[in-house]
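Colleague: Quick note: the sequence shown uses this note's numbering, first residue 166, plus one each step. For glycine and all other residues, C-beta sits at the position ideal for the given N, C-alpha and C.
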Amino acid sequence: MSSSEPFRRRLWDTLGTALLAVVLALVVWVNATYQNDMPREGPFPDPIHIEVLNAPKGLILTNQADEYVSVRIKAFASSWSSLRPSTFSATVDWSGLLEGVHPVPVKVTCSDPTVTILSTQPESVYVQLERLAKQDATVRVELKDMDDMPLGYAVGSPQVEPESVTLEGPASAVESVAAVIAALSLAGQRTAVDRMVEVHALDRDGKLVSSVRLTPEGVRVRLEIEKKLNYREVAVRARTKGQPARGYFVSSVGVEPDTVTVVGPPAIIAAMPGLVSVKGEVDVTRATRMLAERMELDLPEGVSLLTEREGQQSTVLVTVGIDAVTGGTTVELPLQARKLGAGLMVRLSVPTVDVILRGPAVLLDDLETDLLDAYVDIGGLGEGKHQVRTVVVLLGAQESELRLLVVASISPGYVEADIRRIPTPTPTATATSTPTPTPTATLPPTLTMPPTLT
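1. At which residues does the beta strand (DSSP E) containing Ile433 begin and terminate?
2. Within this structure, are the beta carbons of Pro327 and Ser376 separated by less than 7 angstroms?
3. Among Glu333, Leu263 and Ile346, which one has its Cα closest to the Cα of Arg378?
4. Look at the alpha carbon of Val572 and the alpha carbon of Arg459, and state the distance between them as a whole number of angstroms.
5. Should the segment 501-512 be called in touch with the segment 541-554, which here means at least 3 C-beta pairs below 8 angstroms?
6. With distances taken Cα to Cα, identify the nearest neighbour of Ala502 among Ser514, Val428 and Thr494.
7. Report the three-state DSSP secondary structure of Arg568 (helix, strand or coil).
8. With DSSP as the reference, label Pro250 as helix, strand or coil.
9. With burial defined as no fewer than 16 other Cβ atoms inside 10 Å of the residue's Cβ, what is the status of Leu184: buried or exposed?
10. Going by Cα to Cα distance, which pick from Val290, His365, Arg451 and Val553 is closest to Asn228?
11. Measuring only the C-alpha atoms, how far is Glu288 from Gly371?
12. Compute the distance between the beta-carbons of Ala348 and Val384, then report whether it is under 7 angstroms.
13. Which residue marks the beginning of the beta strand (DSSP E) containing Ala338, and which one marks its end?
14. Count the other CB atoms within 10 Å of the CB of Glu497; is the residue buried (16 or more) or exposed (fewer)?
15. Give me the residue from Arg249, Ala435, Pro221 and Thr356 with the minimum Cα distance to Leu263.
16. When burial is assigned at 16 or more other CB atoms within 10 Å of the CB, is Ile584 buried or exposed?
17. Does the Cβ-Cβ distance between Ser482 and Glu421 come in under 7 angstroms?
18. Is the beta carbon of Val273 closer than 7 angstroms to that of Thr285?
19. On the CB-based measure, 16 or more other CB atoms within 10 Å of its CB, does Thr693 come out buried or exposed?
20. Which partner residues does Asp258 have in the DSSP bridge list?
21. Starting from the Cα of Val558, find the closest Cα among Gly547, Leu570 and Gln552 and give me that residue.
22. Whole angstroms are fine: how far does the CA of Val304 sit from the CA of Ala344?
23. With which residues is Ala507 paired in a DSSP beta bridge?
24. For a test of the three-state rule: what should DSSP assign to Leu180, helix, strand or coil?
25. Reducing DSSP to helix, strand and coil, say where Ala242 ends up.
26. Considering only the alpha carbon of each residue, which of Asp423, Arg205, Ile433 and Ser322 lies closest to Ala242?
27. Put Asp542 into one of helix, strand or coil per three-state DSSP.
28. Where do the ends of the beta strand (DSSP E) carrying Asp488 lie?
29. Extract the residue ranges of the beta strand (DSSP E) inside the segment 327-401, only unbroken runs of 3 or more that lie entirely within it.
30. Take Ser300 and list the residues in its own chain whose beta-carbon comes closer than 7 angstroms to its own, dropping the five residues that flank it on each side.
31. Could you give the first and the last residue of the continuous beta strand (DSSP E) run that contains Val518?
32. Compare the C-alpha of Arg249 against each of Ile225, Asp231, Val266 and His214 and name the closest.
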């Protein structure tokens, strides 16, 4: 027997003991670690977004399939705090799917290998696939609120650009589209329209087909709106006669409506002034309170209100305010036009306006008429006939006691301004040149009645 044999035996015994000690130490360490960081099961708090893989071309999803999945996991306690929705991946594979309804399993994985996916909710999602269709459709303009347009205006044919749009979506939805509409409201519209309008796909019942996408989503609509030749908008004027009772005065004269649209033969309508009066005057003799009276309009023969029914008279409501005297006077002022464009001339439908002032009687008694200015602002207006508002101001009122005076009423409130281009002078073959008179742009300011306290 070799002398080295006992040595080998002792060596192996020593190595075996050492290895056993290492294994026992490892077991103790693993057990201690496991006790301090035990795995925990539970639902992950955030939903995981489902990603679609291999979607077949030419098909489109038509149902509301689940887009998120909830998972129940098992993970070490130390791992839970580091988990995020991005740590997980949820996918559904649509490869090989045809038209119809299909249950597709949801596959969830985690980038942390120590995490175990125990369950998913839902386990599968149902998808309904349909053939993707695409076709062009002509856009139709639908004019809305035409009854709310001002009276006497005519609407032309709408122009659309582009004339058609592309429909894209499920074949059944595209086939259900009966019309593509661009709805345009004309409420209060007096001028031509040029704007972008959103388009909508509607079925035969007029309901919106929301599953169809339109390209482009809006179109440009142009629409001419013009005033009819045999219609005209004119202002209405009412006058009073007599004097109220002692200690009272006429505080206001109102007409409702203060402008009306009349209709009649084109020649008569064109020759009419821009102002019509009521027949007669409101008698305020000895009045002590407000008067209201429906009065007939003084219209030329063959002319009537646009809204007038057969047998109905052309009337307006005239109201006259009567207040106790704190100071009031009626002044007739010359009417001027301001901001007339270069090369233009203007003729106003009335030369004067009636202005009712209220305020301290002592100021009214000493009021000089050259401190009152009545005008219409025609800045920016071109050739043609326009209804413009009358304005009266007290010159220097902010720096004096005149600020205590109030313009209570202006009659008429609107006048017609007939703007024309100044004719070019015709040259004459004479030895000496004679200056050509320049047409007057506005009426000369002449006071026809001094202010009187009423």
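Modeller: So, from the listed chains and residues:
1. Taken as a continuous stretch (DSSP letters only), Ile433 belongs to no beta strand (DSSP E), being part of the alpha helix (DSSP H) at Pro431 to Ala436.
2. Judged by beta-carbon spacing, Ser376 lies beyond the 7 angstroms limit of Pro327, meaning their Cβ atoms are not closer than that value.
3. Glu333
4. 25 angstroms
5. yes
6. Ser514
7. helix
8. helix
9. exposed
10. Val290
11. Approximately 40 angstroms between the Cα atoms of the pair.
12. no
13. Where Ala338 is concerned, there is no enclosing beta strand (DSSP E), although the alpha helix (DSSP H) it sits in stretches over Ala336 to Ser341.
14. By the neighbour-count rule (16 or more Cβ atoms within 10 Å), Glu497 is buried.
15. Pro221
16. When all chains shown are included, Ile584 counts as buried.
17. Note that residue 482 is Leu in the sequence shown here, rather than Ser. The Cβ-Cβ distance between Leu482 and Glu421 falls below 7 angstroms.
18. yes
19. Outside the displayed range of the chain (166 to 619) lies residue 693, so it cannot be described from this structure.
20. Leu218
21. Just measuring C-alpha positions, the residue of Gly547, Leu570 and Gln552 sitting nearest Val558 is Leu570.
22. 8 angstroms
23. For Ala507, which the question treats as bridged, DSSP gives no partner whatsoever.
24. helix
25. Shown here, Ala242 sits in a helix according to DSSP, grouped into three states.
26. The shortest Cα separation from Ala242 among Asp423, Arg205, Ile433 and Ser322 belongs to Arg205.
27. strand
28. Thr480 to Ala489
29. 329-335, 344-350, 358-367, 378-380, 383-388 and 390-392
30. A small correction: the amino acid at residue 300 is Gln; Ser does not occupy that position in the sequence shown. Contacts found: Leu332 and Val339.
31. Thr517 to Arg523
32. His214
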